[in-house]
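**Q** Pasting a structure below so you can have a look.
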Amino acid sequence: RRHNIQPDHPAIVKGKAGSPYAIKDYYDVDPDLAKDVPERMREFENLVQRTHRSGLKVIIDFCSQPRSPSISLGCPAGWHFTTGSNDDTNYAFSPYNNFYYIPKSELHGQFDMKGAAAEPYREFPAKATGNNRFDAYPNITDWYETIKLNYGVDYQNGGTCHFDPIPDTWTKMLDIMLFWAGKNIDGFRCDMAEMVPVEFWEWAIPQVKEQYPSLLFIAEVYNPGEYKNYLFRGKFDYLYDKVGLYDTLRAVTCGYES
4 RRHNIQPDHP AIVKGKAGSP YAIKDYYDVD PDLAKDVPER MREFENLVQR
54 THRSGLKVII DFCSQPRSPS ISLGCPAGWH FTTGSNDDTN YAFSPYNNFY
104 YIPKSELHGQ FDMKGAAAEP YREFPAKATG NNRFDAYPNI TDWYETIKLN
154 YGVDYQNGGT CHFDPIPDTW TKMLDIMLFW AGKNIDGFRC DMAEMVPVEF
204 WEWAIPQVKE QYPSLLFIAE VYNPGEYKNY LFRGKFDYLY DKVGLYDTLR
254 AVTCGYES
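Mapping to the working numbering: the sequence shown position 6 is 9, numbers consecutive.
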C-alpha cells in the first residue's frame, strides 16, 4: 500500500508469495524484484543495459495464459483499464469477451475462501480458471489463483474458433509484447504457448518482428504432435518441452545423467 500497490485477497494467493504467473499488470515489473520499488522499471532497463555490456542476451517470459483474477493492464501513458470491463458476462463465451464466465454463478471454491482476510473472497460471476476449469467449483489442485484469457476459442462447444474480426484479447496481448520489445530485450519465452491458438502467434509474431526483426520467440510446447504447427505456422524460432529439456537439464545438474 505504501507504493499504491493494492494487495490481493489472501484466498487467491497460493503459498506466501503467490504464483509468478498470476499477473496483475502486464506493463509493470514485480515490485518484489526491485531494490527501489518506485524505480523498478528503471532498474529493469538498467539490468538490460548491464547484461548487454557483458555480452549476454535478455529473454523474458511472456505469459499468454493464465492471469490473476485481480488483473489490470496499465499502459505506458499511465492510465489503467481492467481487462474484461466491456465483457458481456451473461455469456459463458463470446468472441468479444476477454474472459470465460460461468454466468449467474458465484465462485464457490473448494478451498479456504477467506484466509486471513476479514471477509471471504467474492467473484461474481465466476470465471474459468487458468487450467480450463469451466465451472464455479475449482478445488485446491486447480489453478484457481488464475483466470483464463479468451483468444476466441469456444472450448465448451467443440473448440470452435472465432477469429474474424480479430479478438480484442489478441490486440491487447500484441501491444504488451511490443511494449517489452521496446525495452531492448532480445526475446520472449512464451509460457504454455500451446494453450493459446496457433493462429494468434501466426498473427502476432510477424507484427512484432516487423519492428524488431532480431527478436527471438521461444515456445513452451508439451505436445509433440504440435511441434511443427507452432514452429512453422506459429512462426516461433525455437520450442522446448518439459520432459525433453527441463527434466534432462535437471537430471544432469543433479548428477543423475551425464
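Glycine is no exception: its CB is placed at the ideal position from the N, C-alpha and C atoms.
(1) Residue 250 by DSSP, collapsed to three states: which one?
(2) Whose CA, out of 155, 237, 202 and 164, lies closest to the CA of residue 101?
(3) Are the C-beta atoms of residue 9 and some chain C residue less than 9 Å apart?
(4) Could you pull out every residue in the same chain whose Cβ sits closer than 7 Å to the Cβ of residue 245, ignoring the five residues on either side in sequence?
(5) Output the distance between the C-alpha atoms of residue 26 and residue 70, rounded to the nearest integer angstrom.
(6) Which term fits residue 150, buried or exposed, when burial requires 16 or more other beta carbons within 10 angstroms of its beta carbon?
(7) Can you list the beta strand (DSSP E) stretches of 3 or more residues lying completely in the segment 163 to 226, in chain order?
(8) Could you tell me whether the segment 177 to 188 touches the segment 121 to 133, where touching means 3 or more Cβ pairs closer than 8 Å?
(9) Start and end of the alpha helix (DSSP H) containing residue 47?
(10) Take residue 82 and list the residues in its own chain whose beta-carbon comes closer than 6 Å to its own, dropping the five residues that flank it on each side.
(11) CB-CB under 6 Å to residue 192, same chain, minus the five flanking residues each way: which ones, in chain order?
(12) Pull up the distance between the alpha-carbon of residue 49 and that of residue 58, whole angstroms please.
(13) Taking Cβ to Cβ, would you say residue 95 is nearer than 9 Å to residue 109?
(14) Between residue 118 and the rest of its own chain, which residues show a CB-CB distance below 6 Å, the 5 nearest in sequence each way excluded?
(15) Measure the alpha-carbon distance for residue 258 versus residue 247 and round it to whole angstroms.
(16) Alpha carbons only, please: which of 87, 194, 256 and 66 is nearest the one belonging to residue 103?
**A** Put simply:
(1) helix
(2) 155
(3) The structure shown contains no chain C; it holds only a single protein chain.
(4) 225
(5) 5 Å
(6) buried
(7) 190 to 194 and 219 to 223
(8) no
(9) 43 to 56
(10) With a pLDDT of only 35 at residue 82, under the threshold of 50, the placement of this residue in the model should not be trusted; the figure read from the coordinates follows. Closer than 6 Å at Cβ, skipping near neighbours: no residue.
(11) 62, 64 and 221
(12) 14 Å
(13) no
(14) 13 and 14
(15) 17 Å
(16) 87
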